[in-house]
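Chains as they are written, first to last, in the working numbering: chain A, 70 to 372; chain B, 70 to 372; chain C, 70 to 372; chain D, 70 to 372.
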């Protein structure tokens, strides 16, 4: 079984590396070729063009956004025309439900299979095979690729038979994470201005009712004011909230917290660019309370 | 050491019961006396008036709001004038920072001690001694009451020396919980209208990045549309958000998600009264999306 | 000078009628032909296809949205290919800045002129020539069409040389009007529940600091709960807020009131469809306050 | 008929001056006495204490907030105990509905009359007798004081028989004004970042559908970034929104735009203090869009 992987950012590299480390050969590709070098050393075959993917049975894609995936699949030299009949495209990117539905359709028309498999987890989790995957698509095909997915993720969940369902669920999940970030930001500003060490407050939260890595990791980054380098760039968070709101508009669903998050991301990117980690929206609550940024005011030593 | 407990709602009864079950005698009191009957059977002495608390060394209070606690402590026949010098008042209610500061001061003037010890957890957790306590006050006094607190809670956290710090931290914590409720409500409306079973979506969340009872329990209640009987009434949730916003106004801290929650609680209580569980605000997102209430449309069997 | 008019909804019919009544012949067209009958009686020539517009020097378009205008201009049989070199396209629809820029470009490439001339005013104002026009485009061309515009509007304002500027200004203007509607809705709910007749309150407003027809007309409709037939349908208001927010996203501008309006429109259309007048979003504040809809509770007699 | 006036800020001084200029003698008082000097020169009698008001038939009060009015009326040496039976207290301050109801009651118990007469208009309008007054109270008493009110305002409106009605209506009116400010701020940020001169945009608005001094005056201040000296200080605007939200909470009315305004005022006062004009909240939209403050980037010459 020939396996391909397209999109070698930090997430994609980690995921492809997991596939490789289990002995499988993997044909890898990235638009800017230098990103493939680490995987080449690990034994991957580096494709020179998307044309090379004609030989794969299963291709994974992990790209930044709709546009990147669209051009990779549907562009002039896209994989849609190169993949054989019967090939499986496993799309791990967080993309719009609209594009997901369109890819489902065009791959089917080409006699190929499309699986949506967006993931929860940051680059370090990808590296360690600890992602969570949300799967949707044809159950027979899902069964077929299950062993591969098990190398990438610590756990997979099937949400339905239509790939668009995984796309919607992933956007809703990212919305919940962004809400955690914003609400931690507001609560830290509140306790800090009230004379409480936000570290101590976070410790209570994560040792009691919010005892889960998500709150711990984002909480620590926010309290430390550490938003760079980004694990997940603000510009991508903004993109996901936009996709959520667009889908919400199509489906006619008001989403007031998402609207608020949208304005936070716009403000952050307008003022600071989109290169910070998306958790930097939490710093806006600090600023609005008239507090100094936390990086300037605190030193928590060599931890 | 004589121990007293005032305020025998579902939370207070559970907590007093834990104290009793460890062999300690407890003098209990509730404004409406019949609520004391269960504890009487368990061995508690039932006070006939607050005057009886003259003999206790430590008195716990667990009351609904500022007004109830104020009248219990500062009223004509309040405990402030009855407690001996050196007595300790452990206040477990979620009350305003202002009242917390005032009680700290008046107890000190009376030669008494005031400890703020608000709790996280619902009535069943109180019954089982599984609450989390946030403590603030004089460290020597905290050390003294530590064994008692260990019977009530699974864990205690000291946030500072000033009782008001525990008050602020507790309000911030409740704000975070209410945010979880609202964001789950919005995300469930989104996935449901997008053709996904919200149960399946919740399962993914709580088996992956939100693997914590708070998301599980509230998530299940929301998906099932089960908001009655209340574990924590909407009118109390509304009160806590009001106290948070008032403190935020005094401290000059904008809290946009809290403002949104305020409007949700007002709408819920204006339309349905305040007797539902506070998680019922999540049903407003369902309603706004034009979906039928979940109780009417789903039957999940005899669970 | 041959004049054409495409798009004969209530607004377009009123505007074309004004052109006709000043003695000019007008070639009119609507996708569903029966809407042209009133103008035919008034003397207009009814085109059978867009091909007929090859003879006009100036063509006005007044269509519902981007899609309608796009297909009319750029579609297979669109006017772009029929209009002569030198022809002027005056676009009065409220459309996206993106489409405005695109039409500017393609008309220029075809040797034609594109003027953006969106209008403020409802169908009755169109009928009476009392619209306000925001103009942007080549100043020489604007000077040339000025006499025609004077028949349509009570006043015109040039905002710049780039058509996109009129498009942006119009969206910002509609945002301000929608804000008026929402804020009136909230204030009426407030005074009404406080025991004040909202009519009396509105009277004070519009006889003092808000002495302008916009507040009067919308205020009266809201107080009377009269949202049908629509002067401007909610689905169109929703569209305009969407275009505003999309432009705001491209330009990186948070717009918190606009986000709130978006959620109001989504809720209204999800619950009641989009056929009511857009001022019906004001009824949501009434509903949220637990008040009965105003139409059911008040009788203002035979006015 | 003896007339008194208490509270000689810029608003009060203007109003008292109007009463004086019509030939009436006026007994004036301010807590800090130097503020009375201009009126003394104009012929006013300056009271040395509130005790002096024992001789007046009608006393006007124009004070900053609840606390100031409360101490003036109900304090140890307050006017409640000095005024004769039958005296009329005309309260022009914007205060809470709660205090309004309380004053109505205590004055009635003292055999005195209480009229609520809050005003719309800024200091220059007060000086010129161009205020608008919202009146509520006993109709016979209103008839009696009507000639005096006609010197102060260009027009008066009776909203009801209960003073609290004027209080509620005034808060709702101020909410509408603050909404205008915020929405202009957002729209100016939008057009400016889109390449349009906000002056030109404002001109269109105020020469067409928003042709009313309120939009003109605030719009010009916002476009010029001129927020100092304040006509109405941000800290007072914040107070009014707080009173509105508190009344809304008591009456159970969600007010989403008001919630948003609350956060704007808190941010402004946390970051810049409360001394700027309340229209300075409009500068936050500019800041959030990543634009420079308008004062730094524009020079509109010597106007």
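We treat Cβ as the ideally placed atom computed from N, Cα and C, and that holds for glycine. In this text the structure is predicted, and so the values were computed from the model without any measurement.
Query	Result
Taking DSSP's pairing of strands, which residues face residue 373(D) in a bridge?	Because chain D spans 70 through 372 in this model, residue 373(D) falls outside it and cannot be assessed.
Could you tell me whether the Cβ atoms of residue 208(B) and residue 239(B) are closer together than 9 Å?	no
Got a sec: is the Cβ-Cβ distance from residue 297(B) to anything in chain D below 9 Å?	no
Quick check: the segment 104-118 of chain D against the segment 75-91 of chain D, are there 3 or more CB pairs under 8 Å?	yes
Can you pull the DSSP bridge partners for residue 224(A)?	201(A)
May I ask you to verify whether the segment 278-293 of chain D touches the segment 278-294 of chain C, counting CB pairs closer than 8 Å and requiring at least 3?	yes
How long is the line joining the alpha carbons of residue 184(B) and residue 204(B), rounded to whole angstroms?	7 Å
Excluding sequence positions up to five away, which residues of its chain have a Cβ less than 6 Å from the Cβ of residue 148(D)?	119, 122, 142
Output, in chain order, the set of chain A residues within a Cβ distance shorter than 8 Å of residue 321(D).	Per Cβ cutoff of 8 Å: no residues; residue 321(D) is ~19 Å from chain A at best.
Give, in chain order, every residue of the segment 298-311 of chain A whose Cβ lies closer than 9 Å to some Cβ of chain F.	Chain labels in this structure do not include chain F; the protein chains are A, B, C and D.
Looking at chain D, which residues of the segment 331-348 of chain B have a Cβ within less than 7 Å of any of its Cβ atoms?	331, 332, 335, 336, 338, 339
Considering only their Cβ atoms, is the gap separating residue 303(B) from residue 338(B) smaller than 9 Å?	yes
Just to make sure I have the definition right: I need the residues of chain C whose C-beta is within less than 7 Å of the C-beta of residue 325(A). Which are they?	332
Residue 98(A) bridges to which residues according to DSSP?	75(A)
Mind pulling the alpha helix (DSSP H) runs of 4 or more residues that sit fully within the segment 135-160 of chain C?	135-143, 148-151
Alpha carbon to alpha carbon, what distance is there between residue 349(C) and residue 343(C)?	10 Å
Figure out for me which residue from 249(D), 180(D), 125(D) has the closest Cα to the Cα of residue 290(D).	249(D)
Where does residue 114(D) sit, in a helix, a strand or coil, going by DSSP?	strand
So which residues on chain C does residue 139(A) lean against when the C-beta distance must stay under 8 Å?	Near residue 139(A) there are no residues of chain C at all, since even the closest Cβ is about 18 Å away, more than 8 Å.
From the DSSP output, in three-state form, read off residue 163(B) for me.	coil
Figure out for me which residue from 316(A), 227(A), 246(A), 140(A) has the closest Cα to the Cα of residue 191(A).	246(A)
How far does the beta strand (DSSP E) with residue 182(A) in it extend, from its first residue to its last?	182-185
Residue 166(D) and residue 236(D) - do their beta-carbons sit closer together than 9 Å?	yes
Does DSSP put residue 92(D) in a helix, in a strand, or in coil?	coil
What separation, rounded to the nearest whole angstrom, lies between the Cα atoms of residue 266(B) and residue 137(D)?	57 Å
In chain B, which residues lie with their C-beta within 9 Å of the C-beta of residue 358(C)?	335, 336, 339, 340
Where does residue 332(D) fall in DSSP's three states?	helix
Ignore the nearest five residues each way along the sequence and tell me which others in residue 262(B)'s own chain have a CB closer than 7 Å to its CB.	358, 360
If you draw a straight line from the C-alpha of residue 95(C) to the C-alpha of residue 74(C), how long is it?	7 Å
With 7 Å as the limit, tell me which residues of the segment 216-237 of chain D have their beta carbon closer than that to any beta carbon of chain C; keep them in chain order.	224, 226, 228, 229, 234, 237
Buried or exposed: residue 146(A), going by 16 or more other Cβ atoms within 10 Å of its Cβ?	exposed
Could you work out which residues of chain D lie near residue 103(B), taking near to mean beta carbons separated by less than 8 Å?	By Cβ distance, chain D contributes nothing, its closest Cβ being about 30 Å from residue 103(B), past 8 Å.
What residue from 144(C), 271(C), 241(C), 264(C) has the CA that sits closest to residue 254(C)'s CA?	271(C)
Measuring only the C-alpha atoms, how far is residue 168(B) from residue 72(D)?	42 Å
Just the C-alpha distance for residue 159(C) and residue 201(C), rounded to the nearest angstrom, thanks.	15 Å
Run down chain A in chain order and give the residues with a C-beta less than 8 Å from the C-beta of residue 163(B).	Ordered by position in chain A, no residue passes the 8 Å Cβ test against residue 163(B), which lies about 14 Å from the chain.
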